[in-house]
Every structure is written in structure tokens, then in C-alpha cells.
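In what follows, a structure is listed as C-alpha cells, so that the remarks can point back to it.
Number of protein chains: 2
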Amino acid sequence: MAIAFESLYSDIHGRTGKLTVGKKTIKTPALLPVINPHLQLVTPKEIQSMGVEALITNAYIFSQSKQYRKRALTEGLHKVLDYDGVIMTDSGSFQLSVYGQVSTTNIETLSFQRDIGSDIWVPLDIPTSPASDRNSTEQDLSVTMQRLKEAKEVFGKDAPLAGPVQGGNFTDLRERAGREVTDLGFSFCPIGAVVPLLESYRYRDLVSVVMAAKRTLSPSVCVHLFGAGHPSMFALATAMGCDLFDSAAYALYAKEGRYLTTHGSFKINELADLPCPCTVCRSHTIEELCTAPDRERLLALHNLYVTLAEISRIRQAIFDGTLWELVDERCRIHPQLLSGYRALLTRTVSLEKYDRISKRRFFYRGDESCNRTEVFRYQQMLSRLHLGEFVLIAFEGGTRDEFNDTLFFKPPFGPYPKELKETFPIGPSEIPEWDDTMVRKGCKGIKILMESHPDSRFVVSCNPCWEAIVRQELGNIEVRNDQV
Amino acid sequence: MAIAFESLYSDIHGRTGKLTVGKKTIKTPALLPVINPHLQLVTPKEIQSMGVEALITNAYIFSQSKQYRKRALTEGLHKVLDYDGVIMTDSGSFQLSVYGQVSTTNIETLSFQRDIGSDIWVPLDIPTSPASDRNSTEQDLSVTMQRLKEAKEVFGKDAPLAGPVQGGNFTDLRERAGREVTDLGFSFCPIGAVVPLLESYRYRDLVSVVMAAKRTLSPSVCVHLFGAGHPSMFALATAMGCDLFDSAAYALYAKEGRYLTTHGSFKINELADLPCPCTVCRSHTIEELCTAPDRERLLALHNLYVTLAEISRIRQAIFDGTLWELVDERCRIHPQLLSGYRALLTRTVSLEKYDRISKRRFFYRGDESCNRTEVFRYQQMLSRLHLGEFVLIAFEGGTRDEFNDTLFFKPPFGPYPKELKETFPIGPSEIPEWDDTMVRKGCKGIKILMESHPDSRFVVSCNPCWEAIVRQELGNIEVRNDQV
Numbered sequence: 001m002a003i004a005f006e007s008l009y010s011d012i013h014g015r016t017g018k019l020t021v022g023k024k025t026i027k028t029p030a031l032l033p034v035i036n037p038h039l040q041l042v043t044p045k046e047i048q049s050m051g052v053e054a055l056i057t058n059a060y061i062f063s064q065s066k067q068y069r070k071r072a073l074t075e076g077l078h079k080v081l082d083y084d085g086v087i088m089t090d091s092g093s094f095q096l097s098v099y100g101q102v103s104t105t106n107i108e109t110l111s112f113q114r115d116i117g118s119d120i121w122v123p124l125d126i127p128t129s130p131a132s133d134r135n136s137t138e139q140d141l142s143v144t145m146q147r148l149k150e151a152k153e154v155f156g157k158d159a160p161l162a163g164p165v166q167g168g169n170f171t172d173l174r175e176r177a178g179r180e181v182t183d184l185g186f187s188f189c190p191i192g193a194v195v196p197l198l199e200s201y202r203y204r205d206l207v208s209v210v211m212a213a214k215r216t217l218s219p220s221v222c223v224h225l226f227g228a229g230h231p232s233m234f235a236l237a238t239a240m241g242c243d244l245f246d247s248a249a250y251a252l253y254a255k256e257g258r259y260l261t262t263h264g265s266f267k268i269n270e271l272a273d274l275p276c277p278c279t280v281c282r283s284h285t286i287e288e289l290c291t292a293p294d295r296e297r298l299l300a301l302h303n304l305y306v307t308l309a310e311i312s313r314i315r316q317a318i319f320d321g322t323l324w325e326l327v328d329e330r331c332r333i334h335p336q337l338l339s340g341y342r343a344l345l346t347r348t349v350s351l352e353k354y355d356r357i358s359k360r361r362f363f364y365r366g367d368e369s370c371n372r373t374e375v376f377r378y379q380q381m382l383s384r385l386h387l388g389e390f391v392l393i394a395f396e397g398g399t400r401d402e403f404n405d406t407l408f409f410k411p412p413f414g415p416y417p418k419e420l421k422e423t424f425p426i427g428p429s430e431i432p433e434w435d436d437t438m439v440r441k442g443c444k445g446i447k448i449l450m451e452s453h454p455d456s457r458f459v460v461s462c463n464p465c466w467e468a469i470v471r472q473e474l475g476n477i478e479v480r481n482d483q484v
Numbered sequence: 001m002a003i004a005f006e007s008l009y010s011d012i013h014g015r016t017g018k019l020t021v022g023k024k025t026i027k028t029p030a031l032l033p034v035i036n037p038h039l040q041l042v043t044p045k046e047i048q049s050m051g052v053e054a055l056i057t058n059a060y061i062f063s064q065s066k067q068y069r070k071r072a073l074t075e076g077l078h079k080v081l082d083y084d085g086v087i088m089t090d091s092g093s094f095q096l097s098v099y100g101q102v103s104t105t106n107i108e109t110l111s112f113q114r115d116i117g118s119d120i121w122v123p124l125d126i127p128t129s130p131a132s133d134r135n136s137t138e139q140d141l142s143v144t145m146q147r148l149k150e151a152k153e154v155f156g157k158d159a160p161l162a163g164p165v166q167g168g169n170f171t172d173l174r175e176r177a178g179r180e181v182t183d184l185g186f187s188f189c190p191i192g193a194v195v196p197l198l199e200s201y202r203y204r205d206l207v208s209v210v211m212a213a214k215r216t217l218s219p220s221v222c223v224h225l226f227g228a229g230h231p232s233m234f235a236l237a238t239a240m241g242c243d244l245f246d247s248a249a250y251a252l253y254a255k256e257g258r259y260l261t262t263h264g265s266f267k268i269n270e271l272a273d274l275p276c277p278c279t280v281c282r283s284h285t286i287e288e289l290c291t292a293p294d295r296e297r298l299l300a301l302h303n304l305y306v307t308l309a310e311i312s313r314i315r316q317a318i319f320d321g322t323l324w325e326l327v328d329e330r331c332r333i334h335p336q337l338l339s340g341y342r343a344l345l346t347r348t349v350s351l352e353k354y355d356r357i358s359k360r361r362f363f364y365r366g367d368e369s370c371n372r373t374e375v376f377r378y379q380q381m382l383s384r385l386h387l388g389e390f391v392l393i394a395f396e397g398g399t400r401d402e403f404n405d406t407l408f409f410k411p412p413f414g415p416y417p418k419e420l421k422e423t424f425p426i427g428p429s430e431i432p433e434w435d436d437t438m439v440r441k442g443c444k445g446i447k448i449l450m451e452s453h454p455d456s457r458f459v460v461s462c463n464p465c466w467e468a469i470v471r472q473e474l475g476n477i478e479v480r481n482d483q484v
């Protein structure tokens, strides 16, 4: 019955992995479509035929439903939904966050989730709004932690229990929560109550909160970013180490006539064309879609195809080691996502520890690429090079006899010896025409080299157009303009 | 019979439009899938059901084919291909560029194209390699222009003739060619021989060559970027004013087991997942696709869906006025595309003339956004503001009585009076946290204001963290750090 998680490929702090729940296994990253039994624009069976291995539904709705409560208890959830993949159930915490109260208890909802045959049970945690003050957030967190402890005590350490990480907008509380759920032995942890951040485009805060939780969660924990359903931010969240997402958006947006894309969402009546390769968009004109009698269902299908494709794209990016490039692509679609991305790039020191050694390639995508983990790691490595007394760093041209060592230069990485020419990241990196920002960053590599080799004397030979930057970054270093 | 082009919405130098060919009309931008009668992975009828209004095939192949020559002449091209949309035919120029010679003449191929009922005929122009020297390029261009003249003389000014623009890698020759085809009265002009540039990722050169041709082509000419079939560069080309693309890639790539995406192409056996919402990718696992008996056809379908979706995305972007954002998104996928994009951004002075006045929004996507046409235009407008003697430019805070005028500040645009707060681009623009590059660019706006208002005295009030940049950009301007 226990939940286990195994990571396979990794990239930045993200990973592909395998989540085992009882006898069922799902590939991660994964999207769990949310099924509301009362609103099935797309049936679980159809969703399964799209390759979806897990979905999520709300146990509280089942428990309160005249139509479904008894059937779920007698026939079981899988039969009622006609779905034999993994089914995760929410406890009523969502209703708690919306209505302020629910008519169930922690033990009641967990027992009900067990009794209807749910594969993953969620305790009745308290989703604390990011607007809550420290006192209330701490109190809420205590209640949540008590309930998680109670759940483990009552249902045993091998029960398929999720351990939500709360703590509102306080990073130290998120850290504490991460540490405590790890200590309680949870191996499946939703990061909760981030929806208000997402709804108000507070991606910088999202980065703070998720990075704080991840700092203390064990790397062997499968992390679910609870309530995150817009595909444009999956890449960013994955880069921070989130493994699962759930989408009610595909259906809710469809009800409201909204069309999801990885570059934002649109009201369908604002569209002049259908910018998507999915079967709905390639077999309808925009006019046909707007007036179709099954418009809501068609929109839900489109929204689901796009969302699932993004999960595939993320898996492929991790496999290739190109997740930074995907994060960069997605995070430029909205200035606040760009803010979040730039905030993440200030955390390369912590991210670098998890990032993998070698990747398919490094494509420079703009100034932000200078702050990628690979650049940081490469420049740290420079201090370990063995160098002679008199060292040439040649921006262009070849070696010269008078020097003990000649290093070449590739921005944004910096100096490199001939032996590293073909290895990652020097070899498989592609950059556009050199620009000031990347050359400046490369000079920081020279600086690290100089500071770590105080007994060597360095000369830079470069085209005169770079001399000013070299001098700004490296002070009194000797610069030769002659084409070597 | 004549070809006519009408432009509807515009954005940067791109436009949506309507191309009329005889009694048929197609929406632009458009993709013309290339049909090789001997290799029909997807039939023209299927392609038509995807909403494709025009395709292109090769008259030379038909004229040399035992199987098809006679049928085309007797039944007509549309019947043979079972397609009643617009069919454009190439002349054999492609074979000329590959084999160095063809067994037809200009008049022969045009007569054949007429006789088989083609909707758009292409003369036997000479596609000059970008590697050719000036002499050969000039000679080739003379031959091409002679043949275009001959075509107009023999078939009349209303014949549905395309007038290709050649000139190799010489911008002045491309300009000359653009001027001459315009003077000859062509209203449909392919820009030819760019494939070698695309194949070697020479996007900077592509920008030079296309911008040169567009400089002298009449705006009423429909421009076809001949041979451009990879969706990742359609947005860039559209921004420069190209209206049509043709894709043989969808089928050729499929034959080679290659999978197209807007972020590059992949060998299918390198893929771990299928990162696309199309029906092929959402109904197959990667393993199923790799081993499917109809793998080539499935890949061709996928490639076509992705390519057509990109055309829809471009149309939507032009409709919204968000084409710069799409160009930015696509051009970061490869460092050489980024180079081409950055090169395009150095040409805002010429692009701005064509760009539209108001747009749905301006989303800042990184430093490159500072060089967009909207920023250039806004800053030029600043010189027309009426200002009093003593002017405050307030980075933060409100007005102050001692000043005749107070302007506010929004990077990268610069200073703005209260009345412009809600108008484009100040109002509908979103930017991330201020950074040095955008504030520096905004200061250039202040500089234009100062230079155009020599009788006013300016004071900047800003947070101390921006003072250094303000001083660097604006010299001895008075800066107040007090929070106003």
C-alpha cells in the first residue's frame, strides 16, 4: 500500500521519476486531471485513453453527494468513475479554504477516502492564505501538523497518505513544515495553498515558498504542487523540483469559454484563429468552434491536450538536459513569470547542487542564460585548474610560446584550456554574436581564475572592442590588443 | 486571372491579408504544403480538410513524368491532384539550383504551367547561391529579370505570374531586384534562394536579404519566402513582411524520421516523449509511434499540424498586435535565430514606419524588448510634448507644486505625462521588476525630451539605486533622492 518515489533523470532541481502507489506505477512529472463527478466534460475513460495514469477527485464531494456517496462506498471509487489508474482524493481542504468550514473531521475524511478505495489519501490540512499574518499561519500550521501526525498514528506508517506542506507566505514556516513532514515519514507531499499566488501572478513569492519547502523536504519525496493547473508555469515549478500538477482548469476554463495555451489563456471570442496543433483546433475554424453545440466539451479537450503535451515537453526537456531552455521559453510569456524566473536564477548556488553534470547542449537564450547553473558550476571549477606562471587568455587566436599556458575564452563561461574544448559546457554550447553581458560574465570566470591562482600572472589578448569591459571587470590586468 | 493582394491587420512589418488568384481567395499568412505527386504521404484532399487553401507542386516534375504529364495536360492539375484550392507551380528553378541545368526553357515551362491549369505560374528564374560572387550574382540576376520581362510580354500583364526576387547575398542587388519586379508590375513575389541561408542557420544574413528586398518591393505585393518550411522561423519572416511559406519539410522530414516542433526538430528515436497536442502525439506513445507501420505518414501528419498551427498562431498575434512577443519566443530557440532577431531589432527605424499605432498590450520579455518599435516610436513622440520651464521626472511618487510639469517614468519607455497613463504603450504594458537595462533605455527617453526642450530645466527624483544610471545616461541633470 505504501507510496514510493524513485527519480530517474534529473535537470536543475527537476527530475523524471516513477511514483509507485500500491501495485500501480505512474511516470512523473505528471498531470492529474481533476474529475468532478457532477461535471464530466471529458470522462475518466477518455482521459485514460490519452495516456493519463492518475487523476484526482474530491472525496468531500462524494461524501456529501446523495447521488454518489453510497455508490462510492459500495462499488468503490474506481468503478464509479470507470477508471483503473491511480486515483488521488482531496479531503475537503479546498472547501475549507473557500467556505471557511467543512462538515467532516480529519479521521472521518481519511476513513471515507480509505473506504471508497482511493489510492492516495489527503488529511484535512489547513490551506493558509498567503495574506495571513504570522500568528494565524503558525496556528494553522500547528493544526495541520497535528492532523498529519494523527493520520500516521491512526492509519499506520504504510497507509497511502499525502503529507501537505503549508506555512503560507513565510519561508521559515514552509521550511519547518517540509522538515516535519519528512520526519513524519511522508513520501508524497503536496505543497499547499499556492493558488492565491498563482491567481495574482506572484511568481517571485511562488519561487520563495516552493524553494523553502524543497530545502527541507527529502529528495526522495514526490512533490505535488497542489492546485497548479496552468501549463505555462509547469516548467518553472518542475525546475524547482515539483513532480505533480493537477488541473481543474481544463474543465473550469472550458465552462467559461476560455482557451488554454502555453503562452497564456484567451477568451475564445477574442480569438481570430486557433493557434494549436490539436485535433479540435485543426478540424474546426474559430467560427465553427464558437458556435459548436458541444463547445464546452471541445474546449475541455483542447485544454487537456495542451496541458498533457506540456508535461510531455517537460519530460523530454529533462531527458535532454534542456529544462533551463524550456523554463526560459515559458517564463517570458508574462512579465511576472519573468520576474519569478529571474528570482530563481539568483538561487543558482542552491540549485547547482542538484543539477546534472552533463547535458545534451547549452543554448544561449538571452542575458538570463548567464546566470544558469552550468555557468556557475563551470566557473567554480576554474579554481581547480593547474596553471603555470605566465598565462595567456586568448579571446581570439592561438597559443604563444612565451606563455606557460594558454587558455581560450568562450562567454558566458570564461577561460578554458584546450582539453575542455569538446566537453560540456564548452563544446556543446551555442551562443549568438558576443555581447557585453556575456563577455562581462565570462570575465567573472577570469576573475575566479586569477583569485584562485595568485602565483600566476595573466595576460588577456582580445579585440579592442572588449578591452573596456575586460578592464572594468578585471582592473589592472595586462591587455594586449594585437591579434595573436 | 490577375493576382491581387490586400492587407488587413498589420503588426511590425507583417500583416494578415487576402490573396486573390482568379476567383479564388486565400487568407495570409499562409503555408503552402509542397505536394510531390510521386510521394503523397498526406493527400491534397486531406490537406484541404485541414483548412489549407493553397498548395504548391512542381510543374517540372509533372512535365518530365511519364505517369503524370499527359494526365495533367488533359485532365488538368486540380483533377489529377484532387484539390480545388489554389495550386501554385514551381518552374524547375529548384532543379536548376540542385542539378545546375534543366531541360526546359522559360516560355516552355510557363506554357506548360498554363496548360495544366496552375493558378500561379513561376518563370524559370535563376536561384543564385549566397556563396556566389558579385559578378555571377549580377549575371544571374540579369537573366532572371530578362525572363520575368519575357514572361510579362508573352503572357500579358494579367497572367497569374510570380516575380521572384533574386540577388544572392548582396543587399543592393536584392534591392534592385525588388525595384525591378515592382516596376514590371508583379503583385506576387517569392524571395528566392534563401534555403542555403536557412540550412546553415545564417539568420543575420536572412534578415539583411529579406529586409533589402522588402525595402523596394511595393507594400501591395504579396511576398512568398520561397523554400522556408520550418515553423520556428515563420514569425521572424512574417515580422519582416513575408506572407507565404511553403513546406516540403513536413514530408521530407517524415521520410527521415524527423519530428518538427516550433522549438526545433528532433530525430524521432531521440525522443523520450511526444511533446505536442496533436492527435498523432496524444494517441500514441513514443514507442508506438516509432514502431507504427505507417510511421512516415503519422510523422508527416504531425509535422503538418504543427506547421499549420504556427501559421494560426502568427495570424492571431498580428490580430492582437503581439507579433514582437511571438518573434521573441521563437527566436530564442536557437542562438543563431537570436542573432537574427537582434539584428532585426537594430532596424527599428525602418520597421517603425510600418508598425501599427495601438496594440492589445506590450509584454516585456527581456532586454531585447527595449529595442522594439513601440519604444522607439514612443521616445520619438516625446519631442512633441509641450512642457513648462521647470519639469520634474518622478520615478516614484506624485507631483510637486514647485514644478510647472510633472512627468512620471515607466521603463523602458521613459517619461510620460499623466494624460498618457492609460494609453498605449504606457497603459497596456507590463514589465517585471525594474532592471538596469530597461531603466537605462528609459533614460534615453529623458535625453530625447531634454534635447528637444532646451528651454526647460529638468529634475529627476528617484530611488538612490537608480541614481548612478541616471547620471551615466544624463550627465549633469539634477537628481533628488528624497521620496517625493
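Line order of the protein sequences matches chains A and B. Residue numbers for the first sequence follow our numbering, beginning at 1 and rising by one. Residue numbers for the second sequence follow our numbering, beginning at 1 and rising by one. All C-beta atoms in this analysis are idealised placements derived from N, C-alpha and C, irrespective of residue type, glycine included.
Query                                                                                                                       : Result
Within chain B, the residues that A:Y305 reaches when beta carbons sit closer than 7 Å                                      : P277 and R282
Inter-residue spacing [alpha-carbon to alpha-carbon] between A:D401 and A:E389                                              : 13 Å
C-beta atoms of B:N58 and B:F94 nearer than 8 Å                                                                             : yes
Proximal chain B residues relative to A:L274, where beta-carbon distance stays under 7 Å                                    : S312
Selected residue, minimal CA-CA separation from B:L110, among B:G340, B:G92, B:G100 and B:I191                              : B:G92
Continuous beta strand (DSSP E) assignments of at least 3 residues falling wholly in the segment 392–450 of chain B         : 405–410 and 414–416
Limits of the unbroken alpha helix (DSSP H) element including A:S485                                                        : Outside the shown range of chain A (1 to 484) lies residue 485 of chain A, about which nothing can therefore be said.
Three CB pairs or more closer than 8 Å across the segment 201–208 of chain A and the segment 300–314 of chain A             : no
Neighbour flag for B:S7 against chain A, beta carbons, 8 Å                                                                  : no
Contact between the segment 205–222 of chain B and the segment 318–327 of chain B (3+ Cβ pairs under 8 Å)                   : no
Every unbroken alpha helix (DSSP H) inside the segment 189–233 of chain A [4 residues or more]                              : 195–199 and 203–216
Per-residue DSSP class, three states only, for A:D82                                                                        : coil
Any C-beta of chain A under 8 Å from that of B:V484                                                                         : Model confidence at B:V484 stands at a pLDDT of 47, short of 50, so the residue's coordinates are unreliable and nothing is read from them.
Alpha carbon of B:D205 to alpha carbon of B:L197, nearest angstrom                                                          : 7 Å
C-beta atoms of A:L338 and B:P425 nearer than 8 Å                                                                           : no
Distance CB(B:C331)-CB(B:K441) smaller than 8 Å                                                                             : no
Beta-carbon proximity check, B:Q379 vs B:G414, cutoff 8 Å                                                                   : yes
Range covered by the beta strand (DSSP E) that runs through B:L19                                                           : G14 to V21
Local conformation of B:T261 per DSSP, three classes                                                                        : strand
Candidates A:A54, A:T20 and A:V207, of which the one nearest A:L489 by Cα                                                   : Given a span of 1 to 484 for chain A in the structure shown, any question on residue 489 of chain A remains unanswerable.
Alpha helix (DSSP H) segment containing B:I116, residue limits                                                              : Run containing B:I116: none; DSSP gives neither H nor E here.
A:V42 in three-state terms, based on DSSP                                                                                   : coil
At least three beta-carbon pairs within less than 8 Å, the segment 354–371 of chain A to the segment 25–39 of chain A       : no
Integer Cβ distance of A:Q166 from A:D133, believed to fall under 8 Å                                                       : 15 Å between Cβ atoms; not a contact.
Proximal chain A residues relative to B:Y364, where beta-carbon distance stays under 8 Å                                    : P335 and L338
Closer than 7 Å: B:D320 CB and nearest the ligand FMN heavy atom                                                            : Ligands are entirely absent from the displayed structure, and the ligand FMN is therefore not among its contents.
Partner residues on chain A for B:E199, Cβ-Cβ distance less than 9 Å                                                        : Those do not exist, as B:E199 stays about 16 Å from chain A at its closest Cβ, beyond 9 Å.
Test: A:D436 CB closer than 8 Å to a CB of chain B                                                                          : no
Min CB distance A:A177 to chain B below 8 Å                                                                                 : no
Cross-chain neighbours of B:I431 in chain A, by beta carbon under 7 Å                                                       : P335
B:Q113 at chain A interface by Cβ criterion, 8 Å                                                                            : no
Stretch-stretch touch, CB-based, cutoff 8 Å, three pairs: the segment 94–104 of chain B with the segment 175–183 of chain B : no
Element boundaries [alpha helix (DSSP H), containing B:R480]                                                                : No alpha helix (DSSP H) contains B:R480, which is instead part of the beta strand (DSSP E) from E478 to R480.
Candidates A:V195, A:A159 and A:F403, of which the one nearest A:L184 by Cα                                                 : A:A159
Alpha-carbon spacing of B:N476 relative to A:I469, whole angstroms                                                          : 24 Å
Contacts that B:Q316 makes with chain A (C-beta to C-beta distance below 7 Å)                                               : L271, A272, D273 and P275
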